[in-house]
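Taking it in order: structure first as structure tokens, then the write-up.
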Amino acid sequence: MDIKMLQPVKVLSSHDLVQSVQDILRTEYKMRPFIVMDEFLTENPQVKELLAVLPEYELFTKIIPDPPASLIIEGAEALTTYAADVIIAIGGGSCLDAAKGMGLYAKNQGQLADYFDPEAELKKGVLLVSIPTTAGTGSELSNALVVTDEATAQKKAILTPAAMSDYAVLVPELTVSLPKRQTIASGLDAFSHAAEGYLSRLATPMTDAICEKIMFLLVNYLPRAVADGTDLKARERVLSAASLAGWMLNNAGTNLGHSTAHILGAKYHLVHGEAVAYALPGVLELVNETMPTKVKEIGKILGVEFALDDTPAIVLQKTRAAYCHFRDELVDLHPFSDYQLAEAELLTNVDAILHERFAQNTPVELTPKKVTRLLCEFG
1 MDIKMLQPVK VLSSHDLVQS VQDILRTEYK MRPFIVMDEF LTENPQVKEL LAVLPEYELF
61 TKIIPDPPAS LIIEGAEALT TYAADVIIAI GGGSCLDAAK GMGLYAKNQG QLADYFDPEA
121 ELKKGVLLVS IPTTAGTGSE LSNALVVTDE ATAQKKAILT PAAMSDYAVL VPELTVSLPK
181 RQTIASGLDA FSHAAEGYLS RLATPMTDAI CEKIMFLLVN YLPRAVADGT DLKARERVLS
241 AASLAGWMLN NAGTNLGHST AHILGAKYHL VHGEAVAYAL PGVLELVNET MPTKVKEIGK
301 ILGVEFALDD TPAIVLQKTR AAYCHFRDEL VDLHPFSDYQ LAEAELLTNV DAILHERFAQ
361 NTPVELTPKK VTRLLCEFG
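If you read the sequence shown in full-length UniProt numbering, its first letter stands for residue 1, the second for the next number, and so on.
Right, dumping it as structure tokens:
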């Protein structure tokens, strides 16, 4: 059966972290939570209150960006030793991904590298409650986790229904203290999830409608969240958009933009949300030959008013310009030149990008020449 839309995660939109978690534990009869958390969150008032009311728990706070396989295995061993009956993940995308991996490994064991195989049959681990403190990765609603494969120094994705959260708790107050740069990067990551899903071979009329709304929300509210991190309405709308974008990862996927970010990000330690944002203008140009109507629709969402006689080339030019204005001026992403990476160095990655798993979702036939063109325009 070819199911085009599936969303099994129970979502709680809340302003009370403690009450929401207590309700879940009571409903599911869980008593031994294993809490995976970014270490700095131990000073967050709502998190402190949560830890104070839990009768018992085990805390794992060794999270680092782009979690390596060894860290996931370490966490899985701690999870098993504690005999946890639920994982509560509180943090950014790396934290949520690490928690997913720990649950999977504790249940399935073996070699974590085998989990990268799309045909791997993985069983679901203990109950997973995901609570994002950033608004971008959408990991709380996605079936994916990204792991750094230490053997190859590459970021690789594990895609399996067994990785999905059982509950997602969306508390916008937890994102208010997110620094400006992380707000920008995570928000632009969410925009790229929606834009790439919209421009994917896997897109359907259902996913298109949701991706359009996600982009609309981010165009209207991400600049506000960046300008004033205490704007709770903006934070709430951006968080909702980011979670919906994570859902779209399961149903429409991403494309060459994320392949580029995964390869370059692992090799040069680029911030993921920034890397996909630098890649998107080149993606728009590549797919304009097969999806000009969708490129035009993205332009409209970005506020472009097209003339009736605009050719596809002019539509592309206006849409790219509007996105770059949104990205660079309204949201204020710093220029790629800050990374001080030469074009010649970027071009050494053409083959790796071409063969990264998400590249196949790009709705054009990819060639080394086309990937080279994207890298020449990266930034």
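Yeah, the Cβ is synthetic: ideal placement off N, Cα and C, and Gly gets one too.
- Within the stretch 331-361, the alpha helix (DSSP H) runs of at least 4 residues that lie entirely inside it are, in chain order, 343-346 and 350-354.
- Under DSSP, leucine 170 takes part in a beta bridge, and its partners are Ser13.
- Judged by DSSP in its simplified three-state form, alanine 252 adopts coil rather than helix or strand.
- With respect to leucine 41, proline 33 sits apart: the two C-beta atoms are not nearer than 8 Å.
- Leucine 188 sits close to valine 276, with the two beta carbons spaced by under 8 Å.
- In the DSSP assignment, methionine 37 falls within the beta strand (DSSP E) that extends over 33-37.
- C-alpha of asparagine 108 to C-alpha of valine 146: approximately 17 Å in a straight line.
- In this structure, tyrosine 115 sits away from alanine 76, with a CB-CB distance that is not shorter than 8 Å.
- In the DSSP assignment, valine 147 falls outside any alpha helix (DSSP H) and within the unbroken beta strand (DSSP E) covering 144-149.
- With the rule of 3 Cβ pairs closer than 8 Å, the stretch 169-176 counts as touching the stretch 232-245.
- It is roughly 30 Å from the alpha-carbon of glutamate 289 to the alpha-carbon of alanine 266.
- For glycine 253 against serine 200, the beta-carbon gap comes to about 5 Å, under 8 Å, which counts as contact.
- Around the beta-carbon of phenylalanine 378, 16 or more other beta-carbon atoms lie within 10 Å, marking it buried.
- Rounded to the nearest angstrom, the gap between the Cα atoms of lysine 30 and valine 86 is 7 Å.
- Within the same chain, and ignoring the five residues on either side of valine 126 in sequence, the residues whose Cβ sits closer than 7 Å to its Cβ are Ala84, Asp85, Val86, Ile87 and Gly103.
- The beta carbon of proline 335 sits closer than 8 Å to those of Asp328 and Gly379, all from its chain and outside the five residues before and after it, given in chain order.
- Within its own chain, the residues whose Cβ lies closer than 6 Å to the Cβ of serine 186, once the five positions on either side in sequence are excluded, are Thr134, Ala135, Gly136 and Gly273, listed in chain order.
- Alanine 241 and asparagine 220 have their alpha carbons spaced roughly 11 Å apart.
- The closest CA to that of lysine 213, considering only Ala227, Val226, Arg237 and Arg224, is found on Arg237.
- Annotated three-state conformation of glycine 91 is strand, per DSSP.
- Of the residues assessed, methionine 5 falls on the exposed side of the cut-off, its CB having fewer than 16 other CB atoms within 10 angstroms.
- Judged by DSSP secondary structure, valine 176 falls outside any beta strand (DSSP E); it is assigned neither H nor E.
- Within 10 angstroms of the beta-carbon of aspartate 38 lie 16 or more other beta-carbons, which makes it buried.
- When DSSP states are grouped into helix, strand and coil, alanine 113 belongs to the helix group.
- At a Cβ-Cβ threshold of 8 Å, glutamine 46 and leucine 17 count as neighbours.
- Lysine 156 sits buried, since 16 or more C-beta atoms from the chains shown fall within 10 Å of its C-beta.
- Assignment of lysine 369 by DSSP, reduced to helix, strand and coil, places it in the helix class.
- Collapsing the DSSP output to three states places valine 86 in a strand.
- Between leucine 270 and lysine 370, the alpha-carbon positions lie close to 22 Å from each other.
- When secondary structure is reduced to three states using DSSP, proline 68 falls in the strand class.
- Note that the C-beta distance between glycine 101 and isoleucine 63 is not below 8 Å.
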